[in-house]
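In the numbering used here, the protein residues as written are 125 to 570.
Notes follow the structure.
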Amino acid sequence: MTVSREQHAPPSDPRLHEGVDDGTAIGVVDPGAEPVRVPASRYTDPAFAALELARMWPRTWQLACCVDHVAEPGDWFEYRVGPYSVLVVRAEDGELRAFQNSCRHRGNVLCTGAGTGLTELRCGYHGWTWDLGGQLRKVPGRKGFGHLRMSEFPLHPARVAAWGPFVFVNLDPEAPDLASYLEGVPADTEWARLDEFRCVASLGGEVAANWKTVADGFSETYHVQTLHPELLHNIDDVHAPQRLWGHTGKSEQVYGVASPRFKDGLTDAQVWESFVVTQGGRMGVSDPAAPLPEIPAGSTLQEVLAEAIRAHAARGGTDLSEFDTDRIMRLHQYNVFPNCSFLLTADTLSALVARPGADPDTAEMIIFAFRRAAPGTAYRRPVDSRVAFEKLDLGYVLNQDAAVLAGIQRGLHQPGTTDIVLSQEEKRVINTHRNLERYLGIGPRD
Numbered sequence: 125m126t127v128s129r130e131q132h133a134p135p136s137d138p139r140l141h142e143g144v145d146d147g148t149a150i151g152v153v154d155p156g157a158e159p160v161r162v163p164a165s166r167y168t169d170p171a172f173a174a175l176e177l178a179r180m181w182p183r184t185w186q187l188a189c190c191v192d193h194v195a196e197p198g199d200w201f202e203y204r205v206g207p208y209s210v211l212v213v214r215a216e217d218g219e220l221r222a223f224q225n226s227c228r229h230r231g232n233v234l235c236t237g238a239g240t241g242l243t244e245l246r247c248g249y250h251g252w253t254w255d256l257g258g259q260l261r262k263v264p265g266r267k268g269f270g271h272l273r274m275s276e277f278p279l280h281p282a283r284v285a286a287w288g289p290f291v292f293v294n295l296d297p298e299a300p301d302l303a304s305y306l307e308g309v310p311a312d313t314e315w316a317r318l319d320e321f322r323c324v325a326s327l328g329g330e331v332a333a334n335w336k337t338v339a340d341g342f343s344e345t346y347h348v349q350t351l352h353p354e355l356l357h358n359i360d361d362v363h364a365p366q367r368l369w370g371h372t373g374k375s376e377q378v379y380g381v382a383s384p385r386f387k388d389g390l391t392d393a394q395v396w397e398s399f400v401v402t403q404g405g406r407m408g409v410s411d412p413a414a415p416l417p418e419i420p421a422g423s424t425l426q427e428v429l430a431e432a433i434r435a436h437a438a439r440g441g442t443d444l445s446e447f448d449t450d451r452i453m454r455l456h457q458y459n460v461f462p463n464c465s466f467l468l469t470a471d472t473l474s475a476l477v478a479r480p481g482a483d484p485d486t487a488e489m490i491i492f493a494f495r496r497a498a499p500g501t502a503y504r505r506p507v508d509s510r511v512a513f514e515k516l517d518l519g520y521v522l523n524q525d526a527a528v529l530a531g532i533q534r535g536l537h538q539p540g541t542t543d544i545v546l547s548q549e550e551k552r553v554i555n556t557h558r559n560l561e562r563y564l565g566i567g568p569r570d
């Protein structure tokens, strides 16, 4: 694949947002529309992966960590994607700072991993030292450099911004600000009071699939009827409106009701059992054999489930009384280009991230788990775990999603698989490729 750099449209170019939906609900299928074909080589070709690393990853906003990771002065977190490393620091003045993780002397990384109590940024190779604002303060053997001006060697900055409990970074100094990049998502989530969520843990590992293979799985519900048969008994996966803004999109699904695919419907007992198996933890119920609660006259199972979730949250000190049944039982799933999805209900929040691995057939898959806390609850550092894929336990439904990834990737390598074929329901996957094409400066068939 050969693409000239002159074709690249900069991410701040308003043309990036042309041709996308204006944010209205999308539910009508056009029976006369052709399926969308995307070259399968985008998932397997090292040259395409190299183009992504050169033109897209350094120019997009990406979820790096959570506010809980860098809540106090001296807290720091290293974010890596491909060859890039960004150091996120909470400075002494309480502001977030981010820097390219590279010593101005010989390029050595300054920090790896994450930690607390940082008072300066010191290179472990030759001792060049910066304050937490990125200003050079110490150069051992400075006379040997002649007339070295300290002010000329600050750390190279990166963009950083927090939204709700999330911390995003961007290596492009000319990129639009985070609020502009997120488009309609912040307004769409105002009801949820995201600032009340605290990250309790992150879990991740390497998977044998391209990062887009991972991300695509959280960008459509078409697979629910086949891959998640247990979930199908308690979700309306048919009336699931979607919205696209540009870099971002969303879908909604209502839980606690049987899928309309069951033409004769299901009993309340069947829906209850499915809900317990797939998300009983929201009610504090883990036994699939737990009996169906009594449903009061004039009420519905969905309302009973919502009240059970409120009661369980109250036992843990969280008040959900302000959220009605729809807010508790409706899942809002958002996609933020290029690689982040987050799932939101009144009582739950999780974020799923896919990052490129060492080659196009590997990726890092990470899930951040949150809990809603009372306003003013102190921040605590999350527990971050990275494990081998075979030990990666993401929960009942997400485990099913993860289990198919390697098989998808192998199938994409088969010589007859020249394209993937996308339906109108998979419009968020299509939107990922339209954004990729704009950042990479290529056409739909490149």
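We put the beta carbon where it would ideally sit given N, CA and C, even for glycine.
DSSP bridge partner residues for residue i (one or two, in chain order)
{"i": "PHE492", "result": "SER326 and ALA475"}
{"i": "CYS581", "result": "A question about residue 581 goes unanswered here, because the residues of the chain that appear run from 125 up to 570."}
{"i": "ARG454", "result": "VAL378"}
{"i": "VAL331", "result": "ALA487"}
Helix, strand or coil at residue i according to DSSP, with G and I counted as helix
{"i": "PRO170", "result": "helix"}
{"i": "VAL362", "result": "coil"}
{"i": "TYR208", "result": "strand"}
{"i": "LEU187", "result": "strand"}
{"i": "TYR203", "result": "strand"}
{"i": "ALA437", "result": "helix"}
{"i": "ARG367", "result": "strand"}
{"i": "ALA487", "result": "strand"}
{"i": "ASP146", "result": "Per-residue confidence for ASP146 stands at a pLDDT of 42, beneath the threshold of 50, marking its modelled position as unreliable; the derived number appears in the next sentence. Three-state result, ASP146: coil."}
{"i": "ARG562", "result": "helix"}
{"i": "GLU196", "result": "coil"}
{"i": "GLU298", "result": "coil"}
{"i": "ALA178", "result": "helix"}
{"i": "HIS347", "result": "coil"}
{"i": "ALA502", "result": "coil"}
{"i": "ASP154", "result": "coil"}
{"i": "THR442", "result": "coil"}
Residue i: CB within 7 Å of a non-hydrogen atom of the ligand FAD
{"i": "VAL263", "result": "Annotation note on the ligand FAD: not contained in the displayed structure, which lists no ligands."}
Residue i, enclosing alpha helix (DSSP H) - first and last residue
{"i": "LEU355", "result": "353-356"}
{"i": "SER304", "result": "302-306"}
{"i": "THR469", "result": "Unbroken run through THR469: none, as it is neither H nor E."}
{"i": "PRO310", "result": "309-312"}
Local Cβ density within 10 Å of residue i, reported as buried at 16 or more and exposed below that
{"i": "TRP315", "result": "exposed"}
{"i": "ASN559", "result": "buried"}
{"i": "ASN232", "result": "exposed"}
{"i": "PHE269", "result": "exposed"}
{"i": "PRO499", "result": "exposed"}
{"i": "GLU244", "result": "exposed"}
{"i": "ASN523", "result": "exposed"}
{"i": "THR337", "result": "buried"}
{"i": "ALA413", "result": "exposed"}
{"i": "ALA282", "result": "buried"}
{"i": "ALA149", "result": "Annotation note: pLDDT 42 at ALA149 (below 50); position unreliable, coordinate value reported separately. Result: exposed."}
{"i": "TYR249", "result": "exposed"}
{"i": "PRO82", "result": "Since the first residue of the chain shown is 125 and the last is 570, residue 82 is not available in this structure."}
{"i": "THR236", "result": "exposed"}
{"i": "HIS363", "result": "exposed"}
{"i": "GLY288", "result": "buried"}
{"i": "ARG385", "result": "exposed"}
{"i": "THR350", "result": "exposed"}
Residue range of the beta strand (DSSP E) that includes residue i
{"i": "ARG261", "result": "260-262"}
{"i": "VAL160", "result": "160-163"}
{"i": "ARG317", "result": "Here ARG317 belongs to no beta strand (DSSP E), and DSSP marks it neither H nor E."}
{"i": "VAL293", "result": "290-294"}
Scan the stretch 370-431 and note each continuous beta strand (DSSP E) run of 3 residues or more that stays entirely inside, going in chain order.
372-379
In chain order, which continuous runs of the alpha helix (DSSP H) of length 4 or greater are located wholly inside the stretch 508-555?
520-527 and 529-536
For a minimum of 3 consecutive residues, which ranges assigned as the beta strand (DSSP E) are wholly contained in the stretch 211-288?
220-224, 260-262 and 283-287
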